[in-house]
Amino acid sequence: MKNNKDLPAEEHSGPLMADVARLAGVAISTVSRALANPGRVNEKTRAKIDAAAKQLGYTPNAMARGLRVGKSNVVMIILPGSLYYGVSQVIPLVLQGINRSLSQNGYHLMIANLDRDEASERHILDLAFGGTVRGAIILSSDLPVHGGRSLKDSALPIVSLLFDMSHAALPSVVTNDRQAVRDATAQLIALGHRRFLYLAGPEGNYHDRERYLGAVEALVAAGLPETAIVRSGGSLDYQHGFQIGVAAAAEFADLILKPTAVIATSDDMAISFMSCVQRMGWKIPADLSIVSFDGAPVCEYSLPPLSTIEQPVEEMGQMAVSLLMERIDALDKAAALRHVIESKLIRRESFGPAPSNA
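Under UniProt numbering, the first residue of the sequence shown carries the number 1, and numbering increases by one thereafter.
The following block contains the structure:
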């Protein structure tokens with residue numbers, strides 16, 4: 001059995017978990033449990049442990065030695081929220097592609113959270129700093145930050161998927177949202193449409209911003225004003241796409257000058273909107289054309305079949321894993337930071353010429 005003096009300096013330098021336990025007045029096992037699984041420790045005790053760790057400058061990275069020698073074969077994926085994203089199922093489909101690619105590379109997938117609240121952020125950071133995982137893929141959301149720590153500070157290989165963080169020097173896999181919506185809008189303009197209704201995601205959201213700018217750029221290129229688009233929504237997350245579509249249909253009914261084309265930023269929004277306006281008596285596409293975003297298989301079976309911009313979910317997952325494997329093998333290797341994968345417009349019966357009386 002080795003004494004502390006026989007260990008490398010790294011092994012016993014800095015504050016230890018025992019020091020945190022002593023200062024907080026709890027058992028070492030309680031500190032370990034609080035750091036690894038915060039939900040199993042009551043809030044008062046957890047607060048004492050957090051305060052002690054901060055006072056001592058302790059971070060739970062004792063397991064990081066295993067990370068540096070490559071013992072962990074777990075990759076965590078950090079979700080923007082719930083797995084349920086309506087009919088489009090973009091999140092589950094991306095996860096499926098990622099899991100398949102990781103398995104081929106000898107790694108396992110860990111879903112780190114289903115909510116991005118304070119406890120989840122702390123837990124994610126504890127996993128990253130603790131060496132439990134070998135790398136991380138952040139899906140459609142920003143870096144977790146808590147208590148002055150950021151995921152980027154963990155020295156963990158990280159790839160961002162469906163959210164451009166190349167400005168933060170993180171490899172990012174994104175789709176051409178802006179270009180795809182610009183092209184779809186341009187096709188609607190070529191069909192005679194001059195008034196548009198845009199069904200928006202949450203205001204300030206990366207995807208909503210890119211898609212809206214694509215529609216605006218198409219209008220500008222055609223010599224039309226930005227006021228040719230009426231925005232609906234903006235306060236609800238994409239998880240509430242059906243509600244956004246229903247509310248937009250009510251707004252559409254109240255408009256005196258009706259748009260002749262609708263651009264929905266998710267299939268959920270488009271499906272519920274289309275159902276509502278058809279019950280009001282509007283015909284698709286004779287009175288109103290609709291195009292959406294995501295490419296859910298159910299769009300083909302809507303009535304009428306819905307035109308949609310299909311995201312290449314399998315390819316996105318494969319690219320993210322490939323970039324992560326490169327980062328794991330050589331973290332300091334210079335590489336391209338922004339990787340764009342093209343979505344494609346699938347035109348179906350919901351897409352047609354503007355009505356002659358528009």
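Yeah, the Cβ is synthetic: ideal placement off N, Cα and C, and Gly gets one too.
These numbers were taken from a predicted model, which means no experiment stands behind them.
Taking C-beta atoms under 8 Å as the contact rule, MET269 and LEU199 qualify, at a distance of about 4 Å. With a threshold of 16 other beta carbon atoms within 10 Å, TYR301 falls short and is exposed. Secondary structure remark: continuous alpha helix (DSSP H) runs of at least 4 residues inside the stretch 294 to 325: none found.
With at least 16 other beta carbons inside 10 angstroms of its own, SER292 counts as buried. By alpha-carbon distance to ILE244, the top candidate from LEU197, ALA222, GLN318 and THR260 is LEU197. With contact defined as three or more Cβ pairs closer than 8 Å, the stretch 207 to 215 and the stretch 161 to 181 are in contact.
The distance from the Cβ of ALA261 to that of SER289 is about 5 Å, consistent with a contact at the 8 Å cut-off. Take the alpha-carbon of PRO202 and the one of TYR238: they are about 7 Å apart. Burial state of LEU93 is buried, judged by a 10 Å Cβ sphere holding 16 or more other Cβ atoms. Taking each of TRP282, SER172, GLU121 and ILE137 in turn and checking the Cα distance to SER150, the smallest one comes out for GLU121. By the Cβ rule, the stretch 22 to 32 counts as touching the stretch 51 to 58, because three or more pairs are nearer than 8 Å.
Excluding its 5 nearest sequence neighbours in each direction, SER154 has C-beta neighbours in its own chain below 6 Å: ALA128 and PHE129, listed in chain order. ASP164 and ARG338 do touch by the CB rule: their CB atoms are close to 6 Å apart, below 8 Å. Under a 10 Å Cβ-count criterion, SER356 is classified as exposed, with fewer than 16 other Cβ atoms of the shown protein chains found around its own Cβ. ARG134 is the residue among GLN187, ARG134 and VAL173 whose C-alpha sits nearest the C-alpha of SER72. Take the alpha-carbon of VAL246 and the one of PRO285: they are about 18 Å apart. ILE309 and VAL173 do not touch by the CB rule: their CB atoms are close to 17 Å apart, not below 8 Å. When DSSP states are grouped into helix, strand and coil, TYR206 belongs to the helix group. Contact annotation: VAL75 and MET110 have beta-carbon atoms nearer than 8 Å.
As the crow flies, the alpha-carbon of SER307 is around 26 Å from that of ILE256. In the structure shown, ILE189 adopts helical secondary structure according to DSSP, grouped into three states. The Cβ atoms of ALA168 and LYS152 sit closer than 8 Å to each other.
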